[in-house]
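Trainee: Got a structure for you, written out below as structure tokens; questions coming shortly.
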Amino acid sequence: MKNSENAIHRAAADGFPRAAEDYVRGRPDYPPEIVDWLRDQIGLHSGATVVDLGAGTGKFTPRLVETGARVIAVEPIAEMLSKLAAAWPQVEALAATAESLPLPDASVDAVVCAQAFHWFATREALAEIDRVLKPAGRLGLVWNMKDERVGWVAHLDQIMKQVEGDTPRYQSGAWRELLPFPGFGPLFEHHFPHGHIGTPEDVIIHRVRSTSFIAALAPEERATIEDQVRALIATAPELIGKDLVTFPYVTVAFSTVKVD
1 MKNSENAIHR AAADGFPRAA EDYVRGRPDY PPEIVDWLRD QIGLHSGATV VDLGAGTGKF
61 TPRLVETGAR VIAVEPIAEM LSKLAAAWPQ VEALAATAES LPLPDASVDA VVCAQAFHWF
121 ATREALAEID RVLKPAGRLG LVWNMKDERV GWVAHLDQIM KQVEGDTPRY QSGAWRELLP
181 FPGFGPLFEH HFPHGHIGTP EDVIIHRVRS TSFIAALAPE ERATIEDQVR ALIATAPELI
241 GKDLVTFPYV TVAFSTVKVD
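Numbering (full-length UniProt numbering), first residue to last: 1 to 260.
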């Protein structure tokens, strides 16, 4: 474990403590098909140990638990980790960053980062992941991506992008620049269609509120964004007047194997 102090991006440090409850309500879970991917591509099974790295409020944790593996959740934001610990008391929950994991060398079979790797896509984090993985251990990177092939979803993302600033995001592709990383094999990619069904308030408004760089805004700026989102809900043909809507996503999953 490294002893150096590692900074958390200000959007995460400022936004996620405010948005933990919105994250629980507004973020989708993950498709059940991902459990087969975890077993087949990440090698999870009873007797294996996996780190849920950047675990947040535990949105991905139940899919890891379903595999029968021992799950260790690692999350630096206290407000989010407390939500996870309350929901999944059987999971070991550790407050730590990706660059300084409180785990022994070669102690885990897999590390999975769900909706998180873009926050810590650094050589230091990948070296630390390499350190804690056993020989031939697996690294999984998973994201629920808004399906922008749908018109209203693309419009929603444009509203959100107005205030994203320099916040790390999957869409930038910056995280890919480090991969393949020394000590790891090639990256394999799988896609799964997914949808979050619920009221517009839950699956759209709370989804927007849960976004780090929006939660970190001043109240009047957040209100401006929310007004634009509510105007979209009131006018988009697929949303207008609906009590229940489906927010379409594509779950993107990457896997690689430790080879050194």
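Here a beta-carbon is modelled for each residue, glycine too, at the ideal position from N, C-alpha and C.
I'd like to know if the stretch 225-233 and the stretch 92-104 are in contact, where contact means that at least 3 CB-CB pairs between them fall below 8 Å.
Mentor: Counting Cβ pairs under 8 Å, fewer than three are found: no touch.
Trainee: What separation, rounded to the nearest whole angstrom, lies between the Cα atoms of F120 and R176?
Mentor: Here residue 120 is taken as the residue at index 120 of the sequence shown, counted from 1. Here residue 176 is taken as the residue at index 176 of the sequence shown, counted from 1. Near 12 Å, if we compare the C-alpha coordinates of R176 and F120.
Trainee: Which residue from G15, F213, T49 puts its Cα closest to that of D157?
Mentor: As a position in the sequence shown, residue 157 is number 157, starting the count at 1. The residue with the shortest Cα to Cα distance from D157 is F213.
Trainee: Y23 lies in the alpha helix (DSSP H); which residues open and close that run?
Mentor: Residue numbering aside, residue 23 sits at position 23 when the sequence shown is read from its first letter. Where Y23 is concerned, the enclosing alpha helix (DSSP H) stretches over 10-26.
Trainee: Let's test the definition: count the other Cβ atoms within 10 Å of the Cβ of N3 and tell me whether it reaches 16, buried, or not, exposed.
Mentor: Numbered from its first residue, the sequence shown carries residue 3 at position 3. With a pLDDT of 37 at N3, under the threshold of 50, the predicted position of this residue should be treated as unreliable, though the coordinate-derived value follows. It is exposed - the Cβ of N3 has fewer than 16 other Cβ atoms within 10 Å.
Trainee: By how many angstroms is the C-alpha of G140 removed from the C-alpha of R39?
Mentor: For this step, residue 39 is matched to residue 39 along the sequence shown. For this step, residue 140 is matched to residue 140 along the sequence shown. C-alpha separation (whole angstroms): 11 Å.
Trainee: By Cβ distance, which residues of its chain are closer than 6 Å to T246, with the 5 residues on each side in sequence left out?
Mentor: On the sequence shown, position 246 is the one that residue 246 refers to. Cβ within range, chain order: G195, I197.
Trainee: Across the stretch 129-147 and the stretch 36-53, are there enough close Cβ pairs to call them in contact, namely three or more that are closer than 8 Å?
Mentor: Cβ pair count under 8 Å is three or more, so yes.
Trainee: How is the beta strand (DSSP E) around D109 delimited, first residue to last?
Mentor: Within the sequence shown, the letter at position 109 stands for residue 109. From DSSP, the beta strand (DSSP E) with D109 extends over 108-114.
Trainee: DSSP state of D40, grouped into three classes?
Mentor: For this step, residue 40 is matched to residue 40 along the sequence shown. Helix at D40.
Trainee: For the candidate residues A114, G173, H118, I233, whose alpha-carbon lies nearest to that of I8?
Mentor: Residue mapping note: residue 8 aligns to position 8 of the sequence shown, counting from 1. The residue with the shortest Cα to Cα distance from I8 is H118.
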